[in-house]
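Number of protein chains: 2
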Amino acid sequence: MAKLKCTAAYDGSRFFGYQVQPGKRTVQREIETALSRIHHGRTIKITASGRTDRGVHAVGQVFHFESPLNIPSVNWTKALNSFLPDDIYIDRTENVPPDFHARFDVKMKEYRYRLLTRPQPDLFRRFYTLHVKSSLDLQKMNEAAGFIIGTHDFSCFCAANTDVKDKVRTVYHLDVHREGEDETVIRIVGSGFLYQMVRIITGTLIAVGMHELQPEALPDIIAGRDRGAAPKTAPARGLTLWRVTY
Amino acid sequence: MAKLKCTAAYDGSRFFGYQVQPGKRTVQREIETALSRIHHGRTIKITASGRTDRGVHAVGQVFHFESPLNIPSVNWTKALNSFLPDDIYIDRTENVPPDFHARFDVKMKEYRYRLLTRPQPDLFRRFYTLHVKSSLDLQKMNEAAGFIIGTHDFSCFCAANTDVKDKVRTVYHLDVHREGEDETVIRIVGSGFLYQMVRIITGTLIAVGMHELQPEALPDIIAGRDRGAAPKTAPARGLTLWRVTY
């Protein structure tokens, strides 16, 4: 059996998220269907670095699978892309050792959240940005980011419906910068993220940028470990899983 | 009766074109449905500057309609946007004199065609660009454009299935330039365009850019008035109706 690691991009707009759900069009199901066709009907399961929510995009999602076929990795990429729909694209495929695991071996993940910061909306970017009409105070947002960076119990930034016990994670990098004429991008790199953690942090930074919350409030919010103390979760549509590092 | 002129943007990806067709989701139908709701069920017809094909986008389509309601124009914009789906957006509404006509009074139209010119595709731009893998010779394309500019019988650039008799049109401006890292944009301004004329001109310029056709062949192609002599029609997805001038 060969073990393959794929790096994939997808447009989350038309999927019910990553994970297989009965009767729903999901990223995992489309990829497993393509693999099954390549294997003449045989079921091939994939394991990704983690799920992404409905509406979340990826430019660098990673998954692995095992195959009895002996195909050079570059041809795997071509074969998969020829069977996949046009909203999933495999960037590259690599042979990996049998003990590689796309989820357990993750060292870091990077997400980017894209805001459209101008008065009028842009329908061509409606699936890829969150429209924020008011101007944002980037200096304050970066001050708040400074309090989030580090190793903390992030219960305050974790959606209530989760059964994860250990909520300690490390945020290595978090910054807010302008891109192009009218976009503001939040970039976050961490050891791993709790359920909806990136979207709650984004919601928190937006509240700071709109002067609804002071950066200095962050240490107490984090120490309190209470989801109720942090602002609301940002919508999924502006979020992209950018890169997974092993 | 008030006469209103609206400037509208739409994402053509999910419409069966502009014009009303039975049982299909079209731009005209969505706008007329919104107007009907604003008028408590009364039928209100709109007249646009012209149709756009399935998959073609607009940032500056113009249409007019008449209404018995006495509403300030800025409120018309808000009301329409509140009833329209998120892939149509009214930029502004103006009161116009009773003799204004969105189709007959057009002086110039501008279209832009966007090409993604790099080896790998980008699924996030798949509805908004045509992916051209090979590099394009922009200098040759602009040379060819120079032969197209002017007043000509454009039968060679008109799809066969049309009943328009007079095929003389004026192209005021046509150029090809790079935008950003990996896009090439074709900009064309004319007095009006025949059926699929912009897409056939785009297909022709791409053939020139790939050295499949010499710019010097253009005068004979135009003089021959034969659609069969010009290269194939470019797909709709890269095309945007940019501006209509009155």
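Protein sequences appear in the order of chains B and L.
Position 245 (the first sequence) corresponds to 808 in our numbering; numbering is contiguous.
Position 191 (the second sequence) corresponds to 754 in our numbering; numbering is contiguous.
Cβ atoms here follow ideal geometry from the backbone N, Cα and C, with glycine treated the same way.
None of the values given here were measured: they were computed from a predicted structure.
C-beta atoms of residue i and residue j nearer than 9 Å
{"i": "residue 671(L)", "j": "residue 778(L)", "result": "no"}
{"i": "residue 601(L)", "j": "residue 567(L)", "result": "no"}
{"i": "residue 735(L)", "j": "residue 718(L)", "result": "no"}
{"i": "residue 691(L)", "j": "residue 761(L)", "result": "no"}
{"i": "residue 659(L)", "j": "residue 627(L)", "result": "yes"}
{"i": "residue 764(B)", "j": "residue 711(B)", "result": "yes"}
{"i": "residue 605(B)", "j": "residue 612(B)", "result": "no"}
{"i": "residue 745(L)", "j": "residue 685(L)", "result": "yes"}
{"i": "residue 630(L)", "j": "residue 653(L)", "result": "no"}
{"i": "residue 625(L)", "j": "residue 809(L)", "result": "yes"}
{"i": "residue 565(B)", "j": "residue 634(B)", "result": "yes"}
{"i": "residue 722(L)", "j": "residue 796(L)", "result": "yes"}
{"i": "residue 788(B)", "j": "residue 716(B)", "result": "yes"}
{"i": "residue 807(L)", "j": "residue 669(L)", "result": "yes"}
{"i": "residue 580(B)", "j": "residue 617(B)", "result": "yes"}
{"i": "residue 751(L)", "j": "residue 678(L)", "result": "no"}
Nearest-angstrom beta carbon gap, residue j and residue i [assumed within contact, 8 Å]
{"i": "residue 562(B)", "j": "residue 619(B)", "result": "This structure leaves residue 562(B) out entirely; chain B is present only between 564 and 809."}
{"i": "residue 812(B)", "j": "residue 699(B)", "result": "With chain B running from 564 to 809 in the structure shown, residue 812(B) is simply not present."}
{"i": "residue 650(B)", "j": "residue 758(B)", "result": "Actually they do not touch by this definition, with Cβ atoms about 24 Å apart."}
{"i": "residue 593(B)", "j": "residue 648(B)", "result": "6 Å"}
{"i": "residue 676(L)", "j": "residue 802(L)", "result": "5 Å"}
{"i": "residue 747(B)", "j": "residue 701(B)", "result": "7 Å"}
{"i": "residue 575(B)", "j": "residue 615(B)", "result": "7 Å"}
{"i": "residue 781(B)", "j": "residue 707(B)", "result": "5 Å"}
{"i": "residue 810(B)", "j": "residue 732(B)", "result": "An answer regarding residue 810(B) cannot be provided, because it is not within the stretch 564 to 809 covered by chain B."}
Which residues DSSP lists as bridging residue i, in chain order
{"i": "residue 716(B)", "result": "731(B)"}
{"i": "residue 676(L)", "result": "749(L) and 802(L)"}
{"i": "residue 737(B)", "result": "751(B)"}
{"i": "residue 573(L)", "result": "621(L) and 651(L)"}
{"i": "residue 568(B)", "result": "627(B) and 657(B)"}
{"i": "residue 693(B)", "result": "678(B)"}
{"i": "residue 786(B)", "result": "According to DSSP, which records beta bridges pairwise, residue 786(B) is partnered with nothing at all."}
{"i": "residue 610(B)", "result": "627(B)"}
{"i": "residue 671(L)", "result": "808(L)"}
{"i": "residue 775(L)", "result": "Per DSSP, none; premise fails for residue 775(L)."}
{"i": "residue 744(L)", "result": "Note: residue 744(L) sits in no beta bridge, so no partner."}
Residue i, DSSP secondary structure in three states
{"i": "residue 795(B)", "result": "coil"}
{"i": "residue 518(B)", "result": "Any property of residue 518(B) remains undetermined from this structure, which presents chain B solely from 564 to 809."}
{"i": "residue 706(B)", "result": "helix"}
{"i": "residue 593(L)", "result": "helix"}
{"i": "residue 534(B)", "result": "Shown here, chain B extends from 564 to 809; a query on residue 534(B) therefore has no answer."}
{"i": "residue 515(L)", "result": "Here chain L comprises residues numbered 564 to 809, so residue 515(L) is not present and cannot be evaluated."}
{"i": "residue 838(B)", "result": "Outside the displayed span of chain B (564 to 809) sits residue 838(B), for which this structure offers no information."}
{"i": "residue 780(B)", "result": "helix"}
{"i": "residue 722(B)", "result": "coil"}
{"i": "residue 761(B)", "result": "helix"}
{"i": "residue 600(B)", "result": "helix"}
{"i": "residue 615(L)", "result": "coil"}
Near the ligand NAD: residue i beta-carbon under 8 Å from a heavy atom
{"i": "residue 793(B)", "result": "Absent from the structure shown: the ligand NAD. Ligands present: none."}
Note to self: So within the segment 625-660 of chain L, which uninterrupted beta strand (DSSP E) runs reach at least 3 residues, ignoring any that extend past its ends?
What the structure shows: Entirely contained in the segment 625-660 of chain L, the beta strand (DSSP E) runs reaching 3 residues are, in chain order, 651-658.
Check: Got a sec: which bits of the segment 651-675 of chain B sit with their beta carbon under 9 Å from any beta carbon on chain C, in order along the chain?
Finding: The chain inventory of the structure shown lacks chain C, comprising the protein chains B and L.
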